[in-house]
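Remarks on the structure that follows.
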Amino acid sequence: MELCIKNKPKILITLFFTACIACKPSIQTKITDNRGCTKMEKIHKSEEEWQKELDPFVFKVTRQKGTEPAFTGKYYKHKEKGIYLCICCGQPLFSSATKYDSGSGWPSFWAPLDNNSLELEEDRSYGMIRTEVKCARCDAHLGHVFEDGPKPTGLRYCINSVALKFQAEQ
Ligand SMILES: [Zn+2]
Numbered sequence: 029m030e031l032c033i034k035n036k037p038k039i040l041i042t043l044f045f046t047a048c049i050a051c052k053p054s055i056q057t058k059i060t061d062n063r064g065c066t067k068m069e070k071i072h073k074s075e076e077e078w079q080k081e082l083d084p085f086v087f088k089v090t091r092q093k094g095t096e097p098a099f100t101g102k103y104y105k106h107k108e109k110g111i112y113l114c115i116c117c118g119q120p121l122f123s124s125a126t127k128y129d130s131g132s133g134w135p136s137f138w139a140p141l142d143n144n145s146l147e148l149e150e151d152r153s154y155g156m157i158r159t160e161v162k163c164a165r166c167d168a169h170l171g172h173v174f175e176d177g178p179k180p181t182g183l184r185y186c187i188n189s190v191a192l193k194f195q196a197e198q
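As numbered in our numbering, residues 29 to 198 make up the sequence shown, in order.
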């Protein structure tokens, strides 16, 4: 529910209340929540346009749901203070304040900067049921979210370094 009501006018809270409360408490519900509640303005570009703009590996991960090899990403052990933006569209996604060492081999966060910046979607590829994390603005594939993260959320946003662009705190 908190996914929807954050920073929303009261009328929207009322409108979305029923839909949001109906789908507590699994991650899947947040998928529905985000789809129903996100008001992010979308960026629409063709695959060809993205391919022209992005490095080949960035394109593969963000536009074709690829995964960088574990322990290889440039932000895996990155500890500077700042925020992480979407590499494709510059949308602020995560803060160094919620980054932690999960031991997974990928940058891990226990919360996004703003739930409305992300879209979650069920991913049944490779014989697993996972929850895909996408940029709500440009639909870039970022990684997955799991329910084995630390407090207070218990969530682990497992994100590819190549999907991110770091902006140091000033
Ligand atoms: Zn984006």
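The beta carbon of each residue, even a glycine, is placed where N, CA and C say it ideally should be.
Here the structure is a predicted model, which means the values were calculated and not measured.
Quiz item: Do F183 and A139 have their CB atoms nearer than 8 Å?
Solution: Start at 1 with the first residue of the sequence shown, and residue 183 comes out as number 155. Start at 1 with the first residue of the sequence shown, and residue 139 comes out as number 111. According to the sequence displayed, residue 183 carries Leu and not Phe. The beta carbons of L183 and A139 sit closer together than 8 Å.
Quiz prompt | Opening and closing residue of the beta strand (DSSP E) in which E147 lies | solution = By 1-based counting over the sequence shown, the position of residue 147 is 119. It spans L146 to D151 - the beta strand (DSSP E) in which E147 sits, taken as one unbroken run.
Quiz item: Apart from the five residues on each side of it in sequence, which residues of its chain come closer than 8 Å, Cβ to Cβ, to I115?
Solution: Start at 1 with the first residue of the sequence shown, and residue 115 comes out as number 87. Contacts found: L82, V86, T90, A168, V190, A191, L192 and K193.
Quiz item: Does the beta-carbon distance from E150 to I157 come in below 8 Å?
Solution: Along the sequence shown, read from residue 1 onward, the residue named residue 150 stands at position 122. Along the sequence shown, read from residue 1 onward, the residue named residue 157 stands at position 129. Taking 8 Å as the Cβ cut-off, E150 and I157 qualify as a contacting pair.
Quiz item: Mind checking K162: buried by the 16 CB within 10 Å criterion, or exposed?
Solution: Within the sequence shown, the letter at position 134 stands for residue 162. So K162 ends up on the buried side.
Quiz item: With respect to 7 Å, is the separation between the Cβ of R91 and the closest non-hydrogen atom of ligand 1 below this value?
Solution: As a working note, residue 91 is residue 63 in the sequence shown. If you check the C-beta of R91 against ligand 1, you find no heavy atom less than 7 Å away.
Quiz item: Taking the alpha carbon of Y128 as the point to measure from, which residue in Y185, E197 and K70 has its own alpha carbon closest?
Solution: Here residue 128 is taken as the residue at index 100 of the sequence shown, counted from 1. Closest by alpha carbon: Y185.
Practice problem: Answer yes or no: the CB of Q119 versus the heavy atoms of ligand 1, is any distance below 7 Å? | Solution: Translated into positions along the sequence shown, residue 119 becomes position 91. Under cutoff, so the answer is yes.
Quiz item: What residue does the alpha helix (DSSP H) around V86 start on, and which one ends it?
Solution: Position 58 of the sequence shown, counted from the start, is the residue given in the question as residue 86. It spans P84 to R91 - the alpha helix (DSSP H) in which V86 sits, taken as one unbroken run.
Quiz prompt | Own chain residues within Cβ distance below 8 Å of R63, not counting five before or after | solution = Position 35 of the sequence shown holds residue 63. Interpretation of R63 is limited by its pLDDT of 48, a score under 50 that renders its predicted location unreliable; no figure is taken from the coordinates.
Self-check item: For T126, the three-state DSSP class (helix, strand or coil)
Solution: As a working note, residue 126 is residue 98 in the sequence shown. Looking at T126 - three-state DSSP - the assignment turns out to be helix.
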